[in-house]
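Following: one structure in structure tokens, then a few remarks.
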Amino acid sequence: MKLFTATLATLCFSALAEADQGGGRPAPKPSPEVQEVTPQLYAYTTELLFGEVWKREQLAPRDRSLITLAALVAGGQTAQMPGHLKLGLDNGLKPSEISALITHLAFYGGWPNAMSAANVTHTVFTDRGLKAEQIIAPPSAPLTLDPERETQRKAAVEAAVGGVAPQLAEYTNEVLFGDLWRNTDLTPRDRSLITVAALTAQGQVAQLPFHLNRAMDNGLSQTQAAEVITHLAFYVGWPKAMSAVPVLKDVFEARKTQG
Amino acid sequence: MKLFTATLATLCFSALAEADQGGGRPAPKPSPEVQEVTPQLYAYTTELLFGEVWKREQLAPRDRSLITLAALVAGGQTAQMPGHLKLGLDNGLKPSEISALITHLAFYGGWPNAMSAANVTHTVFTDRGLKAEQIIAPPSAPLTLDPERETQRKAAVEAAVGGVAPQLAEYTNEVLFGDLWRNTDLTPRDRSLITVAALTAQGQVAQLPFHLNRAMDNGLSQTQAAEVITHLAFYVGWPKAMSAVPVLKDVFEARKTQG
Amino acid sequence: MKLFTATLATLCFSALAEADQGGGRPAPKPSPEVQEVTPQLYAYTTELLFGEVWKREQLAPRDRSLITLAALVAGGQTAQMPGHLKLGLDNGLKPSEISALITHLAFYGGWPNAMSAANVTHTVFTDRGLKAEQIIAPPSAPLTLDPERETQRKAAVEAAVGGVAPQLAEYTNEVLFGDLWRNTDLTPRDRSLITVAALTAQGQVAQLPFHLNRAMDNGLSQTQAAEVITHLAFYVGWPKAMSAVPVLKDVFEARKTQG
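Those protein sequence lines, which keep their order, are chains A, B and C. Under this note's numbering, the first residue of the first sequence is numbered 1, with each subsequent residue one higher. Under this note's numbering, the first residue of the second sequence is numbered 1, with each subsequent residue one higher. Under this note's numbering, the first residue of the third sequence is numbered 1, with each subsequent residue one higher.
Below is the structure:
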């Protein structure tokens with residue numbers, strides 16, 4: 001990791017602005033306005049965030065796009081969505097998967113954020129000439145979730161929520177886990193990734209142990225989980241990422257003991 | 001609760017788009033852009049959120065509009081405000097009550113969010129041809145809060161805040177509770193509803209026990225309190241609603257023991 | 001502290017709107033739209049927030065601008081930024097310091113918020129005719145942080161983060177503290193102020209003890225720290241300010257015992 005200074009940064013711009021970092025596309029970079037007003041931030045962005053973090057092999061570019069988009073949607077940050085929607089498509093996300101991500105995050109980040117995201121996405125999809133048949137995943141039988149784990153999960157929801165807010169418990173069991181999580185337009189691992197990202201983006205660590213365990217049950221490795229939080233530190237800020245670290249630690253240790 | 005699939009959803013649109021769900025007004029529904037990009041979300045919105053949740057009798061439509069607007073204002077979500085301001089007026093909120101809601105939430109969600117909300121509201125009120133005399137509540141003597149409870153509350157603020165940040169304690173006692181909460185342009189129950197919604201929307205559970213108790217002292221029933229959180233789950237996301245559930249549980253149990 | 005009523009507020013507007021509160025500039029005030037829709041909020045803003053809070057001598061106007069801008073950037077509230085950027089420049093913030101604030105908060109409030117802030121700032125700087133040489137701080141050797149404290153801090157990061165997310169620990173040590181905090185375009189006290197404000201604005205109290213202690217090591221007095229939270233109550237809402245109070249209490253007491 002190199003140190004950056006404003007002077008160094010200024011020297012680097014002209015070279016970087018023209019650079020093509022492989023794959024036939026210019027590397028993502030902030031607008032000239034950002035470069036002019038905050039040259040140091042521009043340097044961190046091009047050299048550190050896009051020049052190094054996004055290229056780390058611990059997490060695939062498609063996974064990074066999933067969690068970045070999830071953080072933007074859950075945080076209501078529409079201004080950065082067009083760029084990251086395009087990057088996500090370039091990184092291999094299917095339009096139907098982006099559609100499913102927004103729908104999933106209506107539940108995990110609230111309806112208003114999902115509605116705003118859908119409107120931005122419509123513009124990007126239209127610009128790319130995407131058709132409805134590419135956006136709508138083909139019909140498919142819903143997934144069957146592991147019956148034993150589902151029984152445990154339902155019992156936990158009933159115990160914690162059922163007596164206090166019975167309809168909320170029912171929606172949780174019937175709509176979220178009985179319908180949304182069973183939809184095949186995203187894999188369970190993808191759903192877990194964006195759920196973990198949405199929880200981290202909102203600073204909601206209370207549900208993180210459950211969803212981090214679920215993510216690892218769905219195939220996320222320990223190295224990948226750590227890299228998710230490292231990547232998100234840049235998109236949701238260090239404080240929220242740091243607050244997630246003790247949860248990771250506890251979950252990693254508990255799973256080691258169990259295994 | 002029916003299960004939704006993308007196929008079913010697509011079939012339902014044309015029928016729903018034209019539907020008039022009673023009361024002489026078409027039911028609220030998302031934009032065609034949302035329908036095109038996220039048909040599944042569109043289906044959840046029209047069938048579940050507006051087709052079922054908003055119609056549940058556990059909470060009146062006017063109460064639902066109050067907490068939805070409070071969540072939008074406290075979350076800074078201006079894009080969804082015009083639609084929900086109009087729905088709120090249709091659900092019986094007076095313009096002076098919406099004005100009072102924004103002023104109240106300047107304190108409970110921060111000045112910037114309130115300022116942005118006021119600007120959006122100005123546009124909606126102008127569109128509806130509302131005049132200043134409808135917006136400004138008629139002058140009225142301030143409410144007298146229960147003296148015994150006020151003495152307890154002041155003592156608690158002094159003990160917790162007075163020694164650390166004396167001016168913050170004074171503003172809390174003199175401005176928030178000495179002035180804002182005594183203003184008659186909203187009933188105490190309405191103020192409690194929007195305060196609980198603002199706390200939930202911001203994921204700030206620390207003050208929730210005090211304000212949930214106050215809400216119930218101000219007339220909110222246990223069933224209504226649970227329905228507030230159930231409704232808000234859709235507008236602030238499941239994680240923040242779920243984090244409020246243990247607080248509800250504790251408050252419900254403590255009040256049962258006391259009663 | 002006077003009580004406000006809608007009637008009183010209405011009477012006050014015409015006088016206040018023309019008032020020049022010293023210093024040759026009209027006092028900041030909300031738009032006529034805010035006045036029309038929420039006259040009570042307008043009165044609180046002109047009489048209490050700008051008429052009293054901003055003038056309290058416990059914190060300099062430049063410090064108040066720093067923490068207000070930090071709260072706006074970390075909260076993604078672009079709508080209020082132009083006014084507060086201009087006020088900040090008028091209160092003595094240098095363009096290079098505003099640039100440094102945005103860069104600092106990319107790390108403490110996330111990249112998307114910083115990018116949006118940079119774009120707004122570009123417009124304000126252009127309007128004011130500011131040139132690149134005023135925006136970019138002159139090159140300067142990086143600060144040397146206190147070696148003993150740095151050793152302790154690094155050890156704490158290694159212990160808490162290193163074993164779980166080693167790359168996040170490395171970025172924290174090498175980029176945040178090894179580079180960003182050592183940049184001379186903001187004083188350490190200024191960096192601490194905006195970090196504390198960003199943590200408070202995001203409701204992230206977990207890192208507040210460390211950063212409040214650091215702020216006081218960097219020269220913030222106890223009275224100033226309390227006033228920071230009092231001022232922020234208006235900009236981030238009472239709930240988040242109130243959640244910071246117990247942290248202040250603990251830190252103040254721990255430092256008294258140590259001293």
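Glycine included, every Cβ here is placed at the ideal spot set by N, Cα and C.
Element boundaries [alpha helix (DSSP H), containing residue i]
i	result
I67 (chain C)	61–74
S116 (chain A)	111–127
Q222 (chain C)	222–236
L261 (chain B)	The shown model of chain B, from 1 to 259, leaves out residue 261 (chain B), and the question about it has no answer.
I135 (chain B)	132–135
P32 (chain B)	32–37
T172 (chain B)	Run containing T172 (chain B): none; DSSP gives neither H nor E here.
R141 (chain A)	The displayed chain sequence assigns Ala, not Arg, to residue 141 (chain A). Taken as a continuous stretch (DSSP letters only), A141 (chain A) belongs to no alpha helix (DSSP H), as it is neither H nor E.
E150 (chain A)	147–157
T200 (chain A)	188–201
R214 (chain C)	208–217
Sub-8 angstroms separation of residue i and residue j beta-carbons
i	j	result
T103 (chain C)	S140 (chain C)	no
I229 (chain B)	V251 (chain B)	no
T200 (chain A)	L176 (chain A)	no
A241 (chain A)	A225 (chain A)	no
R64 (chain C)	W54 (chain C)	yes
F210 (chain C)	W238 (chain A)	no
P95 (chain C)	Q40 (chain C)	no
V196 (chain C)	A71 (chain C)	no
V161 (chain B)	T172 (chain B)	yes
A118 (chain B)	V37 (chain C)	yes
F50 (chain B)	P28 (chain B)	yes
A198 (chain C)	L105 (chain C)	yes
L89 (chain C)	L69 (chain C)	no
Q202 (chain A)	G109 (chain A)	yes
L93 (chain C)	I194 (chain C)	no
E227 (chain C)	R56 (chain C)	yes
V263 (chain A)	A114 (chain A)	No answer is possible for residue 263 (chain A): the residues shown for chain A start at 1 and end at 259.
Residue i versus the options, residue with shortest Cα-Cα distance
i	options	result
I98 (chain A)	B:T172, B:E158, B:V34, B:S99	B:V34
R128 (chain C)	C:T187, C:L145, C:L87	C:L87
Q222 (chain B)	A:P166, A:N213, A:L193	A:P166
T78 (chain A)	C:P112, C:K94, C:P239	C:P112
A100 (chain A)	A:F234, A:T172, A:W181, A:S116	A:W181
E150 (chain A)	A:A169, A:A137, A:G178	A:G178
L267 (chain A)	A:V247, A:A43, A:A254, A:G109	Chain A is shown from 1 up to 259; residue 267 (chain A) falls before or after that span and cannot be answered.
D217 (chain C)	C:Q204, C:L145, C:Q202	C:L145
L59 (chain C)	C:H84, C:F234, C:L220, C:Y42	C:L220
S31 (chain A)	C:S116, C:I67, C:Q80	C:S116
E253 (chain B)	B:E47, B:L212, B:E227, B:S243	B:L212
Q80 (chain B)	B:V124, B:L93, B:A155	B:V124
P188 (chain B)	B:E227, B:P142, B:K249	B:P142
E52 (chain C)	C:K249, C:A137, C:T257, C:F234	C:F234
Residue-level contact to chain F via CB, residue i, 8 angstroms cutoff
i	result
G75 (chain A)	In summary, chain F is missing from the structure at hand, where the protein chains are A, B and C.
Residue i: contacting residues in chain C (beta-carbon distance under 8 angstroms)
i	result
T46 (chain B)	Those do not exist, as T46 (chain B) stays about 29 angstroms from chain C at its closest Cβ, beyond 8 angstroms.
I102 (chain B)	V37, T38, L41
W181 (chain B)	Per Cβ cutoff of 8 angstroms: no residues; W181 (chain B) is ~12 angstroms from chain C at best.
T230 (chain A)	A165, Q167, L168, Y171
Contacts of residue i in chain B (Cβ-Cβ under 7 angstroms)
i	result
P239 (chain C)	Y108, L199, Q202, Q204, Q207
Q80 (chain C)	P112, M115
Cross-chain neighbours of residue i in chain A, by beta carbon under 7 angstroms
i	result
P39 (chain B)	I136
K249 (chain B)	V164
S65 (chain C)	Those within 7 angstroms of S65 (chain C) in chain A number zero; the least Cβ separation is about 17 angstroms.
D160 (chain C)	The amino acid at residue 160 (chain C) is misidentified as Asp; the sequence shows Ala. By Cβ distance, chain A contributes V245.
V236 (chain B)	G110
Closer than 9 angstroms at the beta carbon, the chain C residues around residue i
i	result
S31 (chain A)	M115, A118, N119, H122
Under 9 angstroms by beta carbon: chain A residues contacting residue i
i	result
D125 (chain C)	It is Phe, not Asp, that sits at residue 125 (chain C) in the sequence shown. The contacting residues are E36, V37.
Chain-ordered neighbours of residue i on chain B, where CB pairs are closer than 9 angstroms
i	result
A70 (chain C)	Neighbours of A70 (chain C) on chain B: none; closest Cβ ~12 angstroms, over 9 angstroms.
M216 (chain C)	Going along chain B, no residue has its Cβ under 9 angstroms from M216 (chain C), so there is no contact; the nearest lies around 14 angstroms.
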